[in-house]
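S.K.: 131 is the number that full-length UniProt numbering gives to position 131 of the sequence shown; each next residue is one higher, with no gaps.
Backbone N, C-alpha and C fix where the C-beta goes; we use that ideal spot for every residue, glycine too.
Because the structure is a prediction, the values reported are computed rather than measured.
Structure provided below as structure tokens; questions to follow.
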Amino acid sequence: MACTSGPIADYGYGPKNAACIEGGPLRERYILQQFHFHWGHESKWGSEHHVDGFSYSGEMHLVFLAERYSAQNDALEDPEGLCVLAVFLHPSKYGANTLICHHNEVIFFFLKDLSRYYTYEGSLTTPPCSECVRWIVCADPVEISDSQVHLQLCSCTFQIRTASVICVIY
């Protein structure tokens, strides 16, 4: 279980083994549906979002569904149907966080601070590109080691509890 006291409130594995997020710019509770990674061919061009023209090595998207919906397709017409928490991934010689695929489990990172973020109403980045997403982009990247950036953990799709994990390479 992971929790934070920042303005986005708590997130973690709840009693039904579902990660959730609420508070901050969100008007309701959202349940984690899946998360996926975006990586570039070069270690510096993988993130979908840019800050002041700067792109990070990778970006992880945690896709949450508004608790009042039972399926993602039901939320596609609602501008607050989904919430995507975007986390920049940055290589560092001293990166201590882990992104590993091991026996169908992912041990990823521990988010230390969710008090600094950008937020906007937008769309899915893949078809059907519905305008149904409250984006929350963490301002501070998570540092991972250079070797972890080069791991080919994107060659598989696997399950964690009820959330699926996917990776996209550009």
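Helix or strand or just coil, what does DSSP make of residue 75?
M.R.: Residue 75: helix per DSSP, three-state reduction.
S.K.: Within its chain, find whatever has a CB closer than 6 Å to the CB of residue 76; leave out the 5 residues flanking it on each side and keep chain order.
M.R.: Sequence-distant partners of residue 76 (beyond 5 residues in either direction) whose C-beta falls short of 6 Å from its own C-beta, in its chain, are 130 and 132.
S.K.: If you pair each beta-carbon of the segment 55-64 with each one of the segment 77-88, do three or more pairs fall below 8 Å?
M.R.: Cβ pair count under 8 Å is three or more, so yes.
S.K.: Which residues share a DSSP beta bridge with residue 145?
M.R.: 92
S.K.: Where DSSP assigns a beta bridge to residue 117, which residues make up the other side?
M.R.: 138
S.K.: So, helix, strand or coil for residue 65, using DSSP?
M.R.: strand
S.K.: Report the residue from 137, 143, 78 and 144 whose alpha carbon sits nearest the alpha carbon of residue 50.
M.R.: Minimum Cα distance to residue 50 is reached at 137.
S.K.: On the criterion of 16 or more Cβ atoms from any shown chain inside 10 Å, does residue 53 qualify as buried, or is it exposed?
M.R.: By the Cβ neighbour-count rule, residue 53 is exposed, with fewer than 16 other Cβ atoms within 10 Å of its own.
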